[in-house]
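>
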Amino acid sequence: MNCEVKTIVDVTVLSLSGRLDASNSKEFEDQVVKLIDSGQKAFVANLTGLDYISSAGLRVFLLLIKKLGDKGYIHLCCLQEQVKEVFDISGFTSIFQIFDDEDSAVEA
Amino acid sequence: MESDPFIRILAVDDEPDMEELIRQQFRRKIRKQEMEFVFAQNGVEALLRLSEYEDIDLILSDINMPEMDGLTLLNELSELKRPSLKTIMVSAYGDMDNIRTAMNRGAFDFVMKPINFEDLEITINKTLEQIVQIRNARKEHDQLASIQYDLNVAREIQTAILPKDFPAFPDKSEFDLYAAMNAAKSVGGDFYDFFMIDDDKLGLAIADVSGKGIPAALFMAVSRTMLKANALGDLTPNECLQRTNDNLCLENVNTMFVTVFYAILNIRTGELSFANAGHNAPYILRNSGEVQQMKSKGELVLGAMEGTNYSLSVETLNPGESFYLYTDGVSEAMNRDFDLYGEDRLEKLLKTSYADPPRDLIMKVVKDVNDFVDDAEQSDDITALAVKYLGA
Numbered sequence: 009m010n011c012e013v014k015t016i017v018d019v020t021v022l023s024l025s026g027r028l029d030a031s032n033s034k035e036f037e038d039q040v041v042k043l044i045d046s047g048q049k050a051f052v053a054n055l056t057g058l059d060y061i062s063s064a065g066l067r068v069f070l071l072l073i074k075k076l077g078d079k080g081y082i083h084l085c086c087l088q089e090q091v092k093e094v095f096d097i098s099g100f101t102s103i104f105q106i107f108d109d110e111d112s113a114v115e116a
Numbered sequence: 146m147e148s149d150p151f152i153r154i155l156a157v158d159d160e161p162d163m164e165e166l167i168r169q170q171f172r173r174k175i176r177k178q179e180m181e182f183v184f185a186q187n188g189v190e191a192l193l194r195l196s197e198y199e200d201i202d203l204i205l206s207d208i209n210m211p212e213m214d215g216l217t218l219l220n221e222l223s224e225l226k227r228p229s230l231k232t233i234m235v236s237a238y239g240d241m242d243n244i245r246t247a248m249n250r251g252a253f254d255f256v257m258k259p260i261n262f263e264d265l266e267i268t269i270n271k272t273l274e275q276i277v278q279i280r281n282a283r284k285e286h287d288q289l290a291s292i293q294y295d296l297n298v299a300r301e302i303q304t305a306i307l308p309k310d311f312p313a314f315p316d317k318s319e320f321d322l323y324a325a326m327n328a329a330k331s332v333g334g335d336f337y338d339f340f341m342i343d344d345d346k347l348g349l350a351i352a353d354v355s356g357k358g359i360p361a362a363l364f365m366a367v368s369r370t371m372l373k374a375n376a377l378g379d380l381t382p383n384e385c386l387q388r389t390n391d392n393l394c395l396e397n398v399n400t401m402f403v404t405v406f407y408a409i410l411n412i413r414t415g416e417l418s419f420a421n422a423g424h425n426a427p428y429i430l431r432n433s434g435e436v437q438q439m440k441s442k443g444e445l446v447l448g449a450m451e452g453t454n455y456s457l458s459v460e461t462l463n464p465g466e467s468f469y470l471y472t473d474g475v476s477e478a479m480n481r482d483f484d485l486y487g488e489d490r491l492e493k494l495l496k497t498s499y500a501d502p503p504r505d506l507i508m509k510v511v512k513d514v515n516d517f518v519d520d521a522e523q524s525d526d527i528t529a530l531a532v533k534y535l536g537a
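For the protein sequence lines, the chains are A and B, in the order given. Residue numbering for the first sequence follows this note's numbering, starting at 9 and increasing by one per position. Residue numbering for the second sequence follows this note's numbering, starting at 146 and increasing by one per position.
1) Name, please, each residue of chain A whose Cβ falls closer than 8 angstroms to the Cβ of B:N425.
2) With distances taken from CA atoms, which of B:Y323, B:D353, B:E488 and B:S355 is nearest B:M508?
3) What ranges does the beta strand (DSSP E) occupy inside the segment 405-447 of chain B, keeping only unbroken runs of at least 3 residues that lie completely in it?
4) Indicate whether B:R543 and B:D207 have their beta-carbon atoms separated by less than 8 angstroms.
5) Smallest Cα separation from B:L491: which of B:D505, B:S318 and B:D513?
6) Based on DSSP bridge pairs, tell me the residues matched to A:N10.
7) Secondary structure at B:E460, three-state DSSP: helix, strand or coil?
8) Kindly confirm or deny that the segment 228-248 of chain B and the segment 176-194 of chain B touch, where touching means at least three C-beta pairs closer than 8 angstroms.
9) Go through its chain and collect everything with a Cβ distance to B:K174's Cβ below 8 angstroms, but skip five positions before and after it.
10) Please list, in chain order, the chain A residues whose beta carbon lies closer than 8 angstroms to that of B:G215.
11) Just to make sure I have the definition right: I need the residues of chain B whose C-beta is within less than 8 angstroms of the C-beta of A:T101. Which are they?
12) My understanding is that B:G348 touches B:A376, with C-beta atoms under 8 angstroms, so please give their C-beta distance in whole angstroms.
13) Cβ of B:D519 within 8 angstroms of Cβ of B:G474?
14) Going by beta carbon distance, what residues of the same chain come within less than 8 angstroms of B:N397, once the five residues before and after it are set aside?
15) Using CA atoms only, rank isn't needed, just tell me which of B:P360, B:D158, B:F253 and B:L410 is closest to B:L535.
16) Sort B:P382, B:M479, B:A537 and B:N243 by Cα distance to B:Q523 and report the nearest one.
17) If the criterion is Cβ atoms closer than 8 angstroms, does the pair A:G65 and A:G26 meet it?
18) Please report the straight-line C-alpha distance between A:A113 and A:V52, rounded to a whole angstrom.
19) With DSSP run on the structure shown, which of helix, strand or coil describes B:M180?
20) At what residues does the alpha helix (DSSP H) containing B:A247 begin and finish?
21) Between B:G474 and chain A, is there a C-beta pair that is closer than 8 angstroms?
22) By the criterion of Cβ-Cβ separation under 8 angstroms, what are the contact partners of A:R67 in chain B?
23) Can you list the beta strand (DSSP E) stretches of 3 or more residues lying completely in the segment 360-392 of chain B, in chain order?
24) Step through the CB atoms of chain A and report whether any lies within less than 8 angstroms of the CB of B:M450.
25) Considering just the uninterrupted stretch of the beta strand (DSSP E) at B:I152, what are its terminal residues?
26) Ordered along the chain, which non-local residues of its own chain (more than five positions away) have a Cβ less than 6 angstroms from that of A:D111?
27) For B:V518, which residues in chain A fall below 8 angstroms Cβ to Cβ?
28) Would you call the segment 458-473 of chain B and the segment 422-429 of chain B in contact, with 3 or more CB pairs under 8 angstroms?
29) Please identify, using Cβ separations under 8 angstroms, the residues of the segment 44-75 of chain A that lie next to chain B, in order along the chain.
30) Quick check: what's the CA-CA separation for A:R67 versus B:Q438?
31) Quick one: any contact between the segment 371-388 of chain B and the segment 340-354 of chain B, if contact means 3 or more CB pairs under 8 angstroms?
32) Starting from A:D111, trace the alpha helix (DSSP H) in both directions and tell me its first and last residue.
33) Please list, in chain order, the residues of the segment 17-45 of chain A that have any C-beta partner in chain E closer than 7 angstroms.
34) Suppose the cutoff is 6 angstroms on Cβ atoms and the five residues either side in sequence are ignored; what does the same chain contact list for B:F419 look like?
35) Check whether the segment 333-342 of chain B and the segment 286-306 of chain B are in contact - that is, three or more C-beta pairs closer than 8 angstroms.
36) Contact defined as beta carbons within less than 8 angstroms: I believe B:M450 pairs with A:I103. What is the distance between those atoms, to the nearest angstrom?
See below:
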């Protein structure tokens, strides 16, 4: 799984592509935790290229949002249909703000 | 050798000057404690030295010696089964026959007399590289074996917890029940449970823990126990999930979560009440042949956020109708072409078998999934629980 990082003003945009599962979730987690520890608080995860997410992947998102707590947020955008379904069924849709495109997610 | 400050070399030669010569040529390395030498006069003494010093890394041995010569020593060494112990032979000039024999008997390299010590040092270093590689491979192998052991323990924990005696309630004629869990090689997360809450109410649960291995197996054990304890307190399904969620959030060290579907079947009336925390929606198989999915309301998995609320749903099972619960190991089973088994395939199968007794139904699904996956490796637990209501 690939994760490109770019910054728009004070928002860090993470663009994920490929599959996020148990084999690489720790790597992704470490990457974002490092950014949070260095002071980043506002995140947008652009999931246009994310084809698949497993429960291990969901767990990382949960972990990150808990780590940020009240001080920060992670917005999601551009979820593929099957990924949106996973977020819907697991109820994760209720704990993240989800947008259709990157610009809306960044502006929020 | 990362941890060893020096290498220990056993030099085997009957020539009386050899020890003096070696200590002289390698005096700098010896003084800097990068090398240490142990000496033997023949093969017999060499074997004694090996048992005295456990950390000999490399052997430098002459071929022609009394008591036991170098070639015989090589045979003895191969019996010791120490693949990282390498031998460099020292042969007489031009003695190709003995050199060939030595190589065939497992010598790593050779040098010829009179010894060129620069060349010998290069040969020693080359041999050491090989030794380090073998030791690293050994370490990695041991680590992998240890991980494999842990995963097996996880699977055993998981399997031991699940009720597996069927028929589960032989004295109850109001329903027929069967369940199965086929664990994937390295997973420890799915569980099912069923229990009588009182004479009229049957509790049914199916769940999927996020993660694999021992942490998942342990979290699964904790979740199952808490769920059952709360359920036996005669709470409604949604209250039960609410309380279990709060329990789990308090104890949750690892940000693990579990999807749970929990239902109560009233065996007098056929009333099925249920609540769903992030789990894939189960099916009711109606007498009409309709396969009715209990669509998920998208309520949150257990263990994620304290204070989560869950809603209650109610359906009624008529005598003859079945309730089929499963985990996504079924719908997400993959074959070699990376196609998913999918819910459509499952629904199709359920449609053709809706009147089957639970055991047959589940066996059919498991077989169908296995046939579909074929020789690809099973990627997730395949778990299912089916109950056929027979009427009061």
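Heads up, the beta-carbon is just placed ideally off N, CA and C, and yes, glycines get one too.
From the atom records:
1) I97
2) B:Y323
3) 416-422, 428-430 and 436-438
4) Residue numbering for chain B in the displayed model covers 146 to 537; residue 543 of chain B lies beyond these limits and cannot be assessed.
5) B:D513
6) A:S25
7) strand
8) no
9) M180
10) The contacting residues do not exist; B:G215 stays about 50 angstroms from chain A at best.
11) G443
12) 5 angstroms
13) no
14) G448
15) B:L410
16) B:M479
17) no
18) 6 angstroms
19) strand
20) M241 to N249
21) no
22) S355, G356, T400, M401 and F402
23) none
24) yes
25) I152 to V157
26) none
27) Residues of chain A passing the Cβ test: none, with the nearest at roughly 17 angstroms.
28) yes
29) S63, A64, L66, R67, L70, L71 and K74
30) 27 angstroms
31) yes
32) E110 to E115
33) No chain E is present in this structure, whose protein chains are A and B.
34) P382, A408 and S458
35) yes
36) 6 angstroms
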